[in-house]
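Here's the structure, in structure tokens; my notes come after.
In this note's numbering, the protein residues as written are 7 to 707.
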């Protein structure tokens with residue numbers, strides 16, 4: 007069925023082929039839909055390889071990936087759908103022989119190795135860990151992997167904003183909210199950043215920050231690079247420009263006057279990635295290099311009541327006067343308060359079960375949001391929904407590898423299968439691994455097996471060696487048979503030469519754990535996590551082998567050690583469609599970056615300060631490391647407070663613009679840590695209730 011477009015969308019689609027247009031409007035106003043139709047029209051006149059589609063992060067490129075993948079009528083060459091980092095990597099790799107020596111790399115003849123998040127953190131650990139052993143960073147009370155990531159984040163900010171690495175510490179010391187004891191740690195972090203940069207030059211390594219710097223300082227000025235852009239990227243689409251960094255805006259500022267056509271798309275009141283360097287005000291300056299500005303006013307997703315509610319709540323957040331008479335918010339808003347955290351979670355599950363039973367909404371149109379998604383919260387919600395026969399899935403980009411039970415399981419078996427590695431499998435690791443591996447194995451039996459049939463010195467013992475009939479009955483012969491299959495597989499593997507870790511895990515999963523009768527037989531999400539793990543290990547193995555000359559077996563040992571130290575996984579984009587019959591459980595920011603609307607949202611524990619304040623990052627500050635920061639000024643408590651207020655207002659507006667029917671807001675008197683929080687978002691809702699009560703003759707919301 008042909009789509010119907012608004013007049014504004016038609017204006018965008020039918021722009022002359024040589025137009026450079028700036029399209030802005032609220033979320034849900036059909037901007038990306040118009041861009042896709044515009045793309046379809048352009049591809050009727052030019053080959054796909056002449057189109058560059060730039061997005062801030064890969065997930066925001068999904069509509070364009072889907073168009074290319076699902077359009078049966080298009081059979082031409084493919085457009086380039088890239089982030090700034092992907093574009094910089096492609097161009098640097100292409101023009102490497104022309105820039106390597108002048109950029110300062112020790113071996114300009116050898117191609118560079120582009121670091122992923124894992125490998126960048128690994129290299130940073132080689133810089134930071136020896137210094138920590140000498141007593142540096144003693145004043146920083148965070149996990150060491152967060153030290154790595156914050157130093158890398160500072161390097162990235164310096165690259166995309168455009169200031170020198172040796173200015174980082176001086177900028178960060180301008181924060182008046184900083185503990186005095188942390189000032190030396192900022193100098194130490196800057197020293198580590200400089201050492202890391204020298205390390206990269208010595209080994210021909212390129213992390214994200216160095217990719218950006220080399221591209222803008224050495225590659226982009228090349229006449230050959232400009233000619234390449236003229237040939238392959240004369241037509242540009244730049245979506246969600248408010249979520250991108252100043253360097254991306256600089257590139258467009260320079261290229262737009264030269265390209266044949268362009269469509270830049272900006273969401274109003276967005277900029278949710280400011281903590282990653284997004285700069286909405288800088289993005290807006292691109293209007294000046296476009297010959298047409300178009301404003302999309304219509305919203306397709308939000309009800310009128312939801313728009314009124316957003317206006318009313320925003321006035322409460324900003325402590326501004328409200329309208330003389332507030333509208334009835336009950337059709338779009340439900341507020342509920344609970345005493346204890348488990349009661350709130352059970353209330354969410356019951357409400358969702360009732361909605362699905364009454365067929366008022368499908369599970370795939372429901373999202374449960376929290377500022378942060380802890381393991382305990384994720385597990386509790388999944389179990390509560392599962393007990394009510396409701397499918398769910400989660401989205402948490404920063405989730406650590408070891409937080410995934412499936413990953414813990416296979417890594418435990420890897421250590422068990424390689425006693426020569428001298429990496430002990432704890433009693434609890436084996437117990438949890440067995441519970442993942444053997445369906446319906448309860449924690450008591452798993453604990454009994456780990457105590458009875460395992461010793462670190464001898465490994466997993468045979469069930470046949472259990473002669474006590476009572477013990478046999480407690481473990482059961484059914485589980486005993488499965489244990490023997492596991493033990494036999496491990497013995498067969500041990501009789502041959504050891505394999506690289508990724509190949510070992512592929513065989514373990516394919517030959518044993520995914521077979522019928524074992525725990526991963528039909529667990530597709532767990533299988534996806536293990537596949538991601540295997541790909542990461544393979545990349546890590548190739549990295550250590552190529553860069554440091556490490557043998558393939560040792561790379562597996564090094565990977566496990568690094569992961570157990572808190573290594574974060576690279577962002578993994580699953581381009582498959584999200585389950586249509588499953589409830590999404592996600593952090594609020596992660597959901598916003600999916601850039602889609604749902605029928606109903608559930609906001610949990612609105613008293614939490616997580617809805618308002620940024621994550622504690624003592625070694626960085628996204629507001630000070632911005633382009634508009636004036637050297638010599640200070641970052642005061644009032645500025646920090648106002649930034650948090652603005653952040654919360656943007657977050658709330660973005661979520662409400664992606665809620666089509668109803669919002670359920672849940673507060674709790676005692677949070678999951680057993681304490682009481684009355685954060686600014688809860689205070690805003692309390693103000694809203696008072697205003698509604700006062701203007702509607704005692705009617706509550």
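We put the CB at the ideal spot given by N, CA and C, even for glycine.
Neighbour-count burial assignment, residue i, 16 or more Cβ in a 10 Å radius
| i | result |
| --- | --- |
| residue 687 | buried |
| residue 31 | buried |
| residue 117 | exposed |
| residue 622 | exposed |
| residue 70 | buried |
| residue 643 | exposed |
| residue 331 | exposed |
| residue 155 | buried |
| residue 459 | buried |
| residue 128 | buried |
| residue 249 | buried |
| residue 547 | buried |
| residue 530 | exposed |
| residue 170 | exposed |
| residue 555 | exposed |
| residue 580 | At residue 580 the pLDDT is 46, less than 50, meaning the model places this residue with poor confidence; the figure from the coordinates comes in the next sentence. That one is exposed. |
| residue 398 | buried |
| residue 9 | exposed |
| residue 224 | buried |
| residue 477 | exposed |
| residue 462 | exposed |
| residue 291 | exposed |
Rounded Cβ spacing between residue i and residue j (contact assumed at less than 8 Å)
| i | j | result |
| --- | --- | --- |
| residue 536 | residue 515 | 6 Å |
| residue 168 | residue 252 | 7 Å |
| residue 631 | residue 160 | 7 Å |
| residue 89 | residue 63 | 6 Å |
| residue 287 | residue 508 | With a Cβ gap of about 45 Å, residue 287 and residue 508 do not count as contacting. |
| residue 217 | residue 110 | So it is not a contact: roughly 14 Å between Cβ atoms. |
| residue 302 | residue 35 | 4 Å |
Check whether residue i and residue j have beta carbons under 8 Å apart
| i | j | result |
| --- | --- | --- |
| residue 663 | residue 373 | no |
| residue 247 | residue 282 | no |
| residue 694 | residue 375 | no |
| residue 198 | residue 150 | no |
| residue 214 | residue 549 | no |
| residue 423 | residue 440 | no |
| residue 229 | residue 379 | no |
| residue 49 | residue 239 | no |
| residue 350 | residue 674 | yes |
| residue 114 | residue 106 | yes |
| residue 359 | residue 324 | no |
Reduced DSSP secondary structure (H/G/I, E/B, other) of residue i
| i | result |
| --- | --- |
| residue 299 | strand |
| residue 505 | coil |
| residue 588 | strand |
| residue 65 | helix |
| residue 604 | strand |
| residue 179 | coil |
| residue 429 | coil |
| residue 495 | helix |
| residue 79 | coil |
| residue 595 | helix |
| residue 321 | helix |
| residue 340 | strand |
| residue 461 | strand |
| residue 362 | helix |
| residue 211 | strand |
Segment limits, alpha helix (DSSP H) that includes residue i
| i | result |
| --- | --- |
| residue 675 | No alpha helix (DSSP H) holds residue 675; the beta strand (DSSP E) holding it covers 665 to 676. |
| residue 136 | 123 to 139 |
| residue 415 | 411 to 423 |
| residue 242 | Not the alpha helix (DSSP H): residue 242 falls in the beta strand (DSSP E), residues 241 to 244. |
| residue 542 | 530 to 554 |
Minimum Cβ-Cβ distance from residue i to chain D less than 8 Å
| i | result |
| --- | --- |
| residue 37 | Given the protein chain composition of this structure (a single chain), no chain D is represented. |
Host beta strand (DSSP E) of residue i (start-end)
| i | result |
| --- | --- |
| residue 31 | 26 to 31 |
| residue 103 | It is not in any beta strand (DSSP E) - residue 103 instead sits in the alpha helix (DSSP H) that spans 102 to 109. |
| residue 518 | Neither: residue 518 is in no beta strand (DSSP E) and is coded neither H nor E. |
| residue 1 | This structure cannot settle anything about residue 1, because the visible part of the chain is limited to 7 through 707. |
| residue 453 | From DSSP, residue 453 is part of no beta strand (DSSP E) but of the alpha helix (DSSP H) over 449 to 458. |
| residue 268 | 267 to 273 |
| residue 58 | 57 to 60 |
| residue 373 | 372 to 376 |
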